[in-house]
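Protein chains: 2
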Amino acid sequence: MEKDKLIQVHKSIQPYIHNTTVLTSKLIDGIAGSQLFFKCENFQKMGAFKMRGATNAIINLSEAQKNKGVVTHSSGNFAQALALSAQSLGVRAFIVMPSTAPQVKKDAVKGYGGIIVECEPTLTARETTAKEIQEKEDVTFIHPSNNIDVILGQGTACKELLENEPDLDYIFVPVGGGGLIAGTALSAYYFGNNCKVIGGEPFEADDAYRSLQSGVIQANTSTNTIADGLKTQLGDVNFPIIQKHVDKIIRVTEAEIVAAMKLIWERLKIVSEPSSAVALAAFLQEKDIFKNKKIGIIISGGNVDLSHLPF
Amino acid sequence: MEKDKLIQVHKSIQPYIHNTTVLTSKLIDGIAGSQLFFKCENFQKMGAFKMRGATNAIINLSEAQKNKGVVTHSSGNFAQALALSAQSLGVRAFIVMPSTAPQVKKDAVKGYGGIIVECEPTLTARETTAKEIQEKEDVTFIHPSNNIDVILGQGTACKELLENEPDLDYIFVPVGGGGLIAGTALSAYYFGNNCKVIGGEPFEADDAYRSLQSGVIQANTSTNTIADGLKTQLGDVNFPIIQKHVDKIIRVTEAEIVAAMKLIWERLKIVSEPSSAVALAAFLQEKDIFKNKKIGIIISGGNVDLSHLPF
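One line per chain: the protein sequences are U and A, in this order.
0 is the number of the first residue of the first sequence in numbering that gives the first Met the number 0; add one for each residue after it.
0 is the number of the first residue of the second sequence in numbering that gives the first Met the number 0; add one for each residue after it.
Structure follows, in structure tokens:
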């Protein structure tokens, strides 16, 4: 049933998303000792895979809900994704953003027609403000990662990757709020040929690693990582899927993230976020285990501040 | 006859090159007021269009010449291109490089099996050293841009672009030594539907602009440009083709180059050289003349030092 659901989700969001290209590099394969296939969601609309889940979440609202609108809180890619997908589907979108968010991110949300509501830069303030908007405007709250429609939408990137490369042995994805890895794990389970999913996570924000170890959702104790998209926490919707379908989580250092990011930029010639490099960094850390395998790597996004690069 | 020749050249180099992807961006189209199609030769093997011409030049040698080998002088992309294409075709390649060339470029040439011969960092020393190698080793000299087989090879990027988008009104290319623009102009003439070719050139290295104005090849008076691939001079093989088939040359400032480069990186999410941005910068300077047209832009390469970016 989840398989049919994923097929239907993919069909319904297809008019609103790009089937992004898959890149390879002989030089990276040489370093890796395996064949690597990079699914380039940095080329996705608004620059990240989040467009998939946001679009699916809005499509799955009732007509009454669509007429009223949606709200989320995000300072990152989901803010732009919900604004743009809402605009594409003719739905109002309120985006709660911390007042300290960079102007360029606020401008992007505005450019996509999102209605920005500023709040204090704390998680409590974000949640409270979103709740207030939800009640005052009678709109539907869409969580950036802990929502089944968002998760299924994110899973379509992996479905497309497997349509290109059906015999992948492993797919590596970065782990932040858990939406991408949960969706990827479902798609790999239903559409892969015994394809395993492994998460990459910064040591500096390793809630998923510790949650899988303990069997209970753990909070991040620090979020001091360059991979700014991965500072968020797992949730009760995606965690059970991750427990069931994800092979393991590999933690990486900040230096490993920067080195992998540099390799991606220099060799694949693409602009991608530090968060995207975490998946490759995780693979490279244990590459000797995966000799001569076919490996998928999901490049999650490309929205990066060019004036603040780590190299 | 040139048309048949171009078709045959494309067929013969196809096994050794990538048919690179064509990217678009709604946001850039909005700024441009036209539909832009970016032919991404930064994704080409060794990271630049030069792979096409180098491969074709070697394929067109006699068996006796192939057995002996080739030589060129270059500190840029043609050095890597000749080394890699020679390696692919089982031919020896001597690459004369200035002793001051960055280690990373020397390493890349070595990585592709090229035999590096260092010389003093002057044009005279480069030419003299290449001549010495040519005589001593009895190898064939391949000029990076002033060689008809190189020119025809470079023209295949435009041929592929027109196979994707047959109705382009204009194609913009950067002008350095003149090989790319001459090959592009031939392909546009034979395979386009009344498609005009326009060159972009830095004010700081405007030999092609002044040569077309005067009807005689002019030397660069300065080469103080960030577009390091465009410091070279036109030659007597490509200049007549440029005179006959290129619509015009638009000169751009260093600030225009950097702004166009930033737009490409931020919006197309690709890593590309400053030289590549010159074509887009030229278009943007005169964009009001080209309203609602279909425009091809050739992104020439992606070999850039990430630790020395202009933004």
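Here a beta-carbon is modelled for each residue, glycine too, at the ideal position from N, C-alpha and C.
8 angstroms Cβ cutoff, residue i in contact with chain U
| i | result |
| --- | --- |
| G162 (chain A) | Checking the displayed sequence, the identity of residue 162 (chain A) turns out to be Glu instead of Gly. Not an interface residue. |
| T252 (chain A) | no |
| I147 (chain A) | no |
| G311 (chain A) | Here chain A has residues from 0 to 310 only, and residue 311 (chain A) is not among them. |
| G46 (chain A) | yes |
| F202 (chain A) | no |
| K261 (chain A) | yes |
| T19 (chain A) | no |
Residue span of the beta strand (DSSP E) that contains residue i, given as start and end
| i | result |
| --- | --- |
| C118 (chain A) | I114 to C118 |
| V172 (chain U) | Y169 to P173 |
| F36 (chain U) | Q34 to C39 |
| E285 (chain A) | Neither: E285 (chain A) is in no beta strand (DSSP E) and is coded neither H nor E. |
| E195 (chain U) | Note on identity: in this sequence residue 195 (chain U) is Lys, with Glu being the wrong assignment. Element bounds for K195 (chain U): K195 to P201. |
| G295 (chain U) | K293 to I298 |
| K230 (chain U) | Run containing K230 (chain U): none; DSSP gives neither H nor E here. |
| I16 (chain A) | I16 (chain A) -> no beta strand (DSSP E), and no H or E assigned at all. |
Cut-off 7 angstroms between Cβ atoms - residues of its own chain near residue i, not counting five sequence neighbours on either side
| i | result |
| --- | --- |
| V336 (chain U) | Because chain U spans 0 through 310 in this model, residue 336 (chain U) falls outside it and cannot be assessed. |
| S84 (chain A) | Y15, M50, A53, T54 and I57 |
| K109 (chain A) | I115 |
Contact check, residue i vs residue j, beta carbons under 8 angstroms
| i | j | result |
| --- | --- | --- |
| K38 (chain U) | A156 (chain U) | yes |
| T222 (chain A) | A207 (chain A) | no |
| L179 (chain A) | I297 (chain A) | yes |
| G32 (chain U) | A78 (chain U) | no |
| D166 (chain U) | I197 (chain U) | no |
| I132 (chain U) | F93 (chain U) | yes |
| S98 (chain A) | E126 (chain A) | no |
| Y169 (chain U) | F289 (chain U) | yes |
| V277 (chain U) | V257 (chain U) | no |
| I329 (chain U) | A181 (chain U) | Outside the modelled stretch of chain U, which goes from 0 to 310, sits residue 329 (chain U), for which no answer is possible. |
| S274 (chain A) | G228 (chain A) | yes |
| L160 (chain A) | L5 (chain A) | no |
| E285 (chain A) | I249 (chain A) | yes |
| F48 (chain U) | S271 (chain U) | no |
| Q43 (chain A) | H9 (chain A) | no |
| T19 (chain A) | E1 (chain A) | no |
| V21 (chain A) | I147 (chain A) | no |
| E253 (chain U) | P201 (chain U) | yes |
| A124 (chain U) | F140 (chain U) | no |
| M293 (chain A) | Q34 (chain A) | The sequence shown places Lys at residue 293 (chain A), rather than the Met named in the question. Yes, they are a contact pair. |
Identity of the residue in the options nearest residue i by Cα
| i | options | result |
| --- | --- | --- |
| N145 (chain U) | U:K105, U:N192, U:T71 and U:T20 | U:T71 |
| E225 (chain U) | U:P309, U:I269 and U:V196 | Residue identity check: residue 225 (chain U) is Ile in the sequence provided, not Glu. It is U:P309 whose Cα lies nearest to the Cα of I225 (chain U). |
| L305 (chain A) | U:P97, U:I269 and U:A280 | U:I269 |
| A107 (chain U) | A:A281, A:Q34 and A:R266 | A:R266 |
| G295 (chain U) | U:A258, U:S271, U:F171 and U:E285 | U:F171 |
| M96 (chain U) | U:L88, U:S87, U:A85 and U:L81 | U:L81 |
| P239 (chain A) | A:A254, A:H17, A:G214 and A:E255 | A:G214 |
| N163 (chain U) | U:Q7, U:P101 and U:A187 | U:A187 |
| V303 (chain U) | U:P143, U:T123, U:N192 and U:M45 | U:M45 |
| S74 (chain U) | U:H142, U:L185, U:K286 and U:V174 | U:H142 |
| Q86 (chain A) | A:Y111, A:P101 and A:L60 | A:Y111 |
| L60 (chain A) | A:T121, A:V103 and A:V138 | A:V138 |
| K104 (chain U) | U:T121, U:E119 and U:N76 | U:N76 |
| Q7 (chain A) | A:G301, A:G154 and A:K261 | A:G154 |
Nonlocal neighbours in the same chain, by C-beta distance under 8 angstroms from residue i, ignoring five residues either side
| i | result |
| --- | --- |
| N219 (chain U) | A204, D205, D206, K230 and Q232 |
| H307 (chain U) | none |
Short CB-CB distance (under 8 angstroms) between residue i and chain A
| i | result |
| --- | --- |
| L88 (chain U) | no |
| V270 (chain U) | yes |
| E265 (chain U) | yes |
| K104 (chain U) | no |
| N41 (chain U) | yes |
| L233 (chain U) | no |
| L305 (chain U) | yes |
| F310 (chain U) | yes |
Residue i: first and last residue of the uninterrupted alpha helix (DSSP H) it sits in
| i | result |
| --- | --- |
| K268 (chain A) | It is not in any alpha helix (DSSP H) - K268 (chain A) carries neither H nor E in the DSSP assignment. |
| H72 (chain U) | From DSSP, H72 (chain U) is part of no alpha helix (DSSP H) but of the beta strand (DSSP E) over V69 to H72. |
| D106 (chain A) | Q102 to G110 |
| R51 (chain A) | K49 to I58 |
| R91 (chain U) | It is not in any alpha helix (DSSP H) - R91 (chain U) carries neither H nor E in the DSSP assignment. |
| E131 (chain U) | L122 to E136 |
| K10 (chain U) | E1 to I12 |
Neighbourhood of residue i by C-beta distance below 6 angstroms, restricted to the same chain and skipping five residues each side
| i | result |
| --- | --- |
| Q217 (chain U) | D206, R209 and S210 |
| G29 (chain A) | none |
| E255 (chain U) | A280 |
Residue-level contact to chain C via CB, residue i, 8 angstroms cutoff
| i | result |
| --- | --- |
| G199 (chain U) | Considering every chain present, this structure includes no chain C. Its protein chains are U and A. |
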